[in-house]
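A.B. asks: Structure below; questions to follow.
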Amino acid sequence: PESADLRALARHLYESYLKYFPLTKAKARAILSGKTSDNAPFVIHDMKSLVEGEQMINCRYMPLHEHRRSDLGIMHEVELRFFHSYQSRSAEAISEVTEFAKSIPGFINLDLNDQVTLLKYGVIEVMIIMISPLMNKDGTLISYGQIFMTREFLKSLRKPFCEMMEPKFEFSIKFNMLELDDCDMALFLAVIILSGDRPGLLDVKPIEDLQETVLHSLELQLKINHPDSLQLFAKVLQKMTDLRQLVTDHVQLIQMMKETEADWSLHPLLQEIMRDLY
Amino acid sequence: LKEKHKILHRLLQNSSSPVDL
Numbered sequence: 033p034e035s036a037d038l039r040a041l042a043r044h045l046y047e048s049y050l051k052y053f054p055l056t057k058a059k060a061r062a063i064l065s066g067k068t069s070d071n072a073p074f075v076i077h078d079m080k081s082l083v084e085g086e087q088m089i090n091c092r093y094m095p096l097h098e099h100r101r102s103d104l105g106i107m108h109e110v111e112l113r114f115f116h117s118y119q120s121r122s123a124e125a126i127s128e129v130t131e132f133a134k135s136i137p138g139f140i141n142l143d144l145n146d147q148v149t150l151l152k153y154g155v156i157e158v159m160i161i162m163i164s165p166l167m168n169k170d171g172t173l174i175s176y177g178q179i180f181m182t183r184e185f186l187k188s189l190r191k192p193f194c195e196m197m198e199p200k201f202e203f204s205i206k207f208n209m210l211e212l213d214d215c216d217m218a219l220f221l222a223v224i225i226l227s228g229d230r231p232g233l234l235d236v237k238p239i240e241d242l243q244e245t246v247l248h249s250l251e252l253q254l255k256i257n258h259p260d261s262l263q264l265f266a267k268v269l270q271k272m273t274d275l276r277q278l279v280t281d282h283v284q285l286i287q288m289m290k291e292t293e294a295d296w297s298l299h300p301l302l303q304e305i306m307r308d309l310y
Numbered sequence: 007l008k009e010k011h012k013i014l015h016r017l018l019q020n021s022s023s024p025v026d027l
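Chains as they are written, first to last, in our numbering: chain A, 33 to 310; chain B, 7 to 27.
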């Protein structure tokens, strides 16, 4: 019976994951490998294709002004505009992660302050795991898989923008080697969200109890789904250490950009999450 | 804490679909 409960939990979290996250790993890998009936993604590989690609995605924050600017001005503004759009998508993703968290059995019964803390500390880690399937060594899907942005292009942006994605590529390439599927991912995301060691938690015990159940479900899921992959459960859990360092570095970079980029404004939801984070 | 995280709090309290950000 216990094993049946753990399988039911895995199915429930997988269904929530499919409900709240629009681009699954299965879909992303199909797009990246060309095995989909949908159109191939538009490739952004330079400033010209960025401007073209930008017209395909929703840029809410800044109007187009490039016809009034010098070439250098266009580059400067396009980078800022692109990252505003990227922030807007991140805010939407945080909303999706929040809905997923609320679907974890027992989560909404936790102290409301603790729910806030778990999300504050967990969402960026979850988002990094979520973008991993969108990445390969050459670039990343963005905008729900409509666009593929090359890694070389991201590296060619001016500092500090060029430093933002490279650590995520390095992490993702290694993480993708674990070959988790969407159901494995759903359970792992729930484990990350239910971390009982986040700073400032008021009542740790119920969080740890919930996490323990999800951990058992993940362990069973990995045994069944990857019978030949030795120590996969341990390897997946080890990624949580790398994730914390990635988030710390990411937040430091964003906070530095807030100070050095005069035209930079951070989305209010990201401000909330990153304020006093690490 | 929830006072300092009004949007996050709103997302948590919202009962159905993700709210417009």
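Just so it is clear, CB atoms sit at the ideal spot from N, CA and C, and this is done for glycine as well.
Going by C-alpha to C-alpha distance, which of A:A266, A:I156, A:T292, A:R113 sits closest to T130 (chain A)?
C.D. replies: A:I156
A.B. asks: Which runs of the alpha helix (DSSP H) spanning at least 4 residues fall entirely within the region 185 to 266 of chain A, listed in chain order?
C.D. replies: Listed in chain order, they are 198 to 208, 214 to 225, 236 to 257.
A.B. asks: Count the C-beta pairs between the region 120 to 129 of chain A and the region 280 to 295 of chain A that are closer than 8 Å, then say yes if the count reaches three, no if not.
C.D. replies: Contact fails between the region 120 to 129 of chain A and the region 280 to 295 of chain A, because fewer than three Cβ pairs, one in each stretch, are under 8 Å apart.
A.B. asks: Taking all protein chains shown into account, do 16 or more other C-beta atoms lie within 10 angstroms of the C-beta of V342 (chain A), making it buried, or fewer, making it exposed?
C.D. replies: An answer regarding residue 342 (chain A) cannot be provided, because it is not within the stretch 33 to 310 covered by chain A.
A.B. asks: Identify the continuous beta strand (DSSP E) that holds I174 (chain A) and give its terminal residues.
C.D. replies: Note, I174 (chain A): beta strand (DSSP E), 171 to 174.
A.B. asks: Is any beta-carbon of chain D found at less than 8 Å from that of V148 (chain A)?
C.D. replies: No chain D appears in the structure shown, which is made up of the protein chains A and B.
A.B. asks: So which residues of chain B does K134 (chain A) contact, with C-beta pairs closer than 8 Å?
C.D. replies: For K134 (chain A), the residues of chain B that pass the 8 Å Cβ criterion are L18, in the order they occur in the chain.
A.B. asks: Does F74 (chain A) come out as helix, strand or coil in the three-state DSSP assignment?
C.D. replies: strand
A.B. asks: Would you mind telling me which residues of chain B sit closer than 8 Å to K290 (chain A), beta carbon to beta carbon, in chain order?
C.D. replies: Within 8 Å Cβ-Cβ: nothing; K290 (chain A) doesn't reach chain B, min ~17 Å.
A.B. asks: Looking at L278 (chain A): is its Cβ nearer than 8 Å to the Cβ of N168 (chain A)?
C.D. replies: no
A.B. asks: Considering just the uninterrupted stretch of the alpha helix (DSSP H) at T182 (chain A), what are its terminal residues?
C.D. replies: First-last for T182 (chain A): 179 to 182, but that is the beta strand (DSSP E), not the alpha helix (DSSP H).
A.B. asks: Using only the alpha-carbon positions, how far apart do K200 (chain A) and S164 (chain A) sit?
C.D. replies: 8 Å
A.B. asks: Going by CA-CA distance only, name the one from A:K152, A:K237, A:M162, A:S227 that's closest to A60 (chain A).
C.D. replies: If we check each option's Cα against that of A60 (chain A), A:M162 comes out closest.
A.B. asks: Taking 8 Å as the threshold, find out whether the region 210 to 219 of chain A comes into contact with the region 34 to 52 of chain A through three or more Cβ pairs.
C.D. replies: yes
A.B. asks: Mind checking whether L275 (chain A) and F265 (chain A) have CB atoms under 8 Å apart?
C.D. replies: no
A.B. asks: Should G154 (chain A) be flagged as near chain B, meaning a C-beta pair shorter than 8 Å?
C.D. replies: So no, G154 (chain A) is outside the interface.
A.B. asks: To which residues does DSSP link N168 (chain A) through a beta bridge?
C.D. replies: A:G171
A.B. asks: With respect to the alpha helix (DSSP H) encompassing R43 (chain A), which residues constitute its N-terminal and C-terminal limits?
C.D. replies: Unbroken alpha helix (DSSP H) run through R43 (chain A): 34 to 52.
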